[in-house]
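In numbering that gives the first Met the number 0, the protein residues as written are 0 to 389.
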Amino acid sequence: MKIDFSNTEVAFQLKSNFQLRKAKLLFMSVSSPAIVRFLQKVVSFCFNIGLPIKPIIKATVFEHFCGGETIAECTTKIAAMYSKNVHSLLDYSVEGKVNDADFDGTKNTVIESIKYASSNPGIPFAVFKPSGVGSNHLYDKVSAKKELTPEEKEAWQRVRSRYFEIAQSAFDHKLKLMIDAEEVSTQQAVDDLVTELMEKYNQESCIVFNTAQMYRWDRLQHIKDSVALAHQNNYYYGIKIVRGAYMEKERMWAKKYGYKDPIQPNKAACDADYDAAVTFLLENVNNKVSVVVATHNAPSCQLVDSLMEKHSLKANDPRVYVAQLYAMSDNISFNMANAGHNVVKYLPFGPVKDVMPYLFRRAEENTAMKGQTSRELELIKQELRRRRKA
């Protein structure tokens, strides 16, 4: 069936007029990369010199795009979304940490979120970012198959232990676990670790999910090879597909260090591979494959709906989810949920100061995505106009 992604009444059913007006101002404030970079410098400066700006940030951009500073603060938003058949994914969004104490802290927080989610039907997944539990330097060396020093070998074993502790907790609590993607130079080490987790924990059902960034031209074949490997070794395969981040950085590094650009030649090629991955994975759902289609692209979500109907899969088949970021693309999330699909929203949480790098990275990505911010803004304006007429 055709899903109406322009239905703003459904999209913003949880937002008050005040919240919509505030959202309108926020999206107008981050309408260009230059503005985002300027705001990032101002906020960083204020935090560094100790200005008391936390209450202002928490009441504005943080409140709009995050669940809270703690899991407990997220509960109201989780319950509200679940009342409309939209699930949540608690995403501990602290970035830029570099030592073992911080990595262990992230691991413990992720495990805490797993335990909380196990008794909350509104949270079907847990997630962690590889760089949150290990250093990029280590991932780079392991990915490149470089010899590690004795100290690095010990550090790498601690990274592996964190992965397995988190996955064991997810397995014990019967919760799905997604591992986010990283930059090209670190991703191979992550892929190898996640494959190990799948081999151990995906024997009876799909617990562990990897992530593939389809703006890489090699990921479609990687997915096909991974599905074949899972079939060969008789375990369930889980994958989240995204279009991706880090594009400008990846291109710059490829040019600087003289290796082949890992990024698709253009957006059309990325979109083609993304939809080809959706098609391939949904064709294989009955072959021990589960997929999370993470996208803010309405045509890709319509493709999910059409393919599920084609393959006689129920809209709420537990092996298929679509995903968006909290407070982004609500026109997709809530209209897909309204049509009966499994929908999950990434709900970032963590201390305000520590989450700011994540928020600014997301802001940069959204301004770089053609038309994303303007689309959000226009949908909000459309709903405000509809409410005034009503």
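For each residue, glycine too, the CB sits at the ideal point set by N, CA and C.
{"Check": "Ordered along the chain, which non-local residues of its own chain (more than five positions away) have a Cβ less than 6 Å from that of L376?", "Outcome": "F26"}
{"Check": "Determine which residues share a DSSP beta bridge with K344 and list them.", "Outcome": "S87, Q323"}
{"Check": "Go ahead and pull the three-state DSSP assignment for G339.", "Outcome": "coil"}
{"Check": "Provide the residue span of the beta strand (DSSP E) that contains V241, from first to last.", "Outcome": "236 to 241"}
{"Check": "Can you tell me where the beta strand (DSSP E) holding I178 begins and where it ends?", "Outcome": "175 to 178"}
{"Check": "Specify the secondary structure class of Q156 as computed by DSSP and reduced to three states.", "Outcome": "helix"}
{"Check": "With a threshold of 16 other CB atoms inside 10 Å of the CB of A194, please say whether the residue is buried or exposed.", "Outcome": "One detail in the question is off: residue 194 reads as Thr in this sequence, not Ala. Buried, by the Cβ-count rule."}
{"Check": "Does the separation of the CB atoms of I113 and A169 fall below 8 Å?", "Outcome": "yes"}
{"Check": "Within 8 Å, do at least three Cβ pairs link the region 84 to 95 to the region 151 to 168?", "Outcome": "no"}
{"Check": "For my contact list, V344 and L324 are in at a C-beta cut-off of 8 Å; report their separation, rounded to the angstrom.", "Outcome": "One point to set straight first is that residue 344 is Lys, not Val, in the sequence displayed. Contact holds; Cβ gap of about 7 Å."}
{"Check": "Taking one C-beta from the region 231 to 238 and one from the region 208 to 221 each time, how about it: are there three or more such pairs within less than 8 Å?", "Outcome": "yes"}
{"Check": "I'd like the list of long-range same chain contacts for A188, defined as Cβ closer than 7 Å, with 5 residues on each side in sequence excluded.", "Outcome": "Y138, V141, S142"}
{"Check": "With the cut-off set at 8 Å, would you say L79 and N330 are in Cβ contact?", "Outcome": "Sequence check: residue 79 is Ala here, not Leu. For A79 and N330, no; Cβs fall outside 8 Å."}
{"Check": "Taking one C-beta from the region 272 to 279 and one from the region 211 to 220 each time, how about it: are there three or more such pairs within less than 8 Å?", "Outcome": "yes"}
{"Check": "Ends of the beta strand (DSSP E) at A58?", "Outcome": "Unbroken run through A58: none, as it is neither H nor E."}
{"Check": "If you draw a straight line from the alpha carbon of P317 to that of H340, how long is it in whole angstroms?", "Outcome": "9 Å"}
{"Check": "For H86 and V321, which I take to be in contact (beta-carbon distance under 8 Å), what is that distance rounded to the nearest angstrom?", "Outcome": "Not quite, the Cβ-Cβ distance comes to about 10 Å (not below 8 Å), so this is no contact."}
{"Check": "Check whether the Cβ atoms of L176 and A229 lie closer than 8 Å to each other.", "Outcome": "no"}
{"Check": "On the DSSP letters alone, give me the boundaries of the beta strand (DSSP E) that F127 sits inside.", "Outcome": "124 to 127"}
{"Check": "Whole angstroms is fine: what's the gap from D171's alpha carbon to F102's?", "Outcome": "22 Å"}
{"Check": "In whole angstroms, what is the alpha-carbon distance linking S146 and S225?", "Outcome": "The sequence shown places Glu at residue 146, rather than the Ser named in the question. Their backbone Cα atoms lie some 26 Å apart in a straight line."}
{"Check": "Within the region 268 to 324, note down every full beta strand (DSSP E) run reaching 3 residues or more, in order along the chain.", "Outcome": "288 to 293, 319 to 324"}
{"Check": "Would you list the one or two residues that DSSP bridges to G133?", "Outcome": "According to DSSP, G133 bridges with nothing at all."}
{"Check": "Is the CB-CB distance between Y91 and T69 below 8 Å?", "Outcome": "no"}
{"Check": "What do you get for I48, buried or exposed, if any count of 16 or more other CB atoms within 10 angstroms of its CB means buried?", "Outcome": "exposed"}
{"Check": "For R215, I'd like the list of residues in its chain whose CB is within less than 6 Å of its CB, leaving aside the five on either flank, ordered along the chain.", "Outcome": "P261"}
{"Check": "Do you know whose CA, among Y200, N201, M213, lies nearest V183's CA?", "Outcome": "M213"}
{"Check": "How big is the Cα-Cα spacing for A389 and F333?", "Outcome": "21 Å"}
{"Check": "Please classify G349: does DSSP put it in a helix, a strand, or coil?", "Outcome": "coil"}
{"Check": "Rank P264, M335, H310 by C-alpha distance to the C-alpha of S299 and give the top, closest one.", "Outcome": "M335"}
{"Check": "Report back the beta-carbon spacing between C45 and P347 to the nearest angstrom; my notes put them in contact at under 8 Å.", "Outcome": "No, C45 and P347 are not in contact; Cβ-Cβ is about 21 Å, not under 8 Å."}
{"Check": "Would you report the Cα separation of Q12 and T278, rounded to the nearest angstrom?", "Outcome": "31 Å"}
{"Check": "Between the alpha carbons of R361 and V354, how many angstroms are there, rounded?", "Outcome": "11 Å"}
{"Check": "In the DSSP assignment, the alpha helix (DSSP H) including K93 goes from what residue to what residue?", "Outcome": "Just to set this straight, residue 93 is Val in the shown sequence, not Lys. Run containing V93: none; DSSP gives neither H nor E here."}
{"Check": "So K53 packs on V351, CB below 8 Å; how close in whole Å?", "Outcome": "5 Å"}
{"Check": "Under a three-way DSSP split, which group does G104 fall into?", "Outcome": "helix"}
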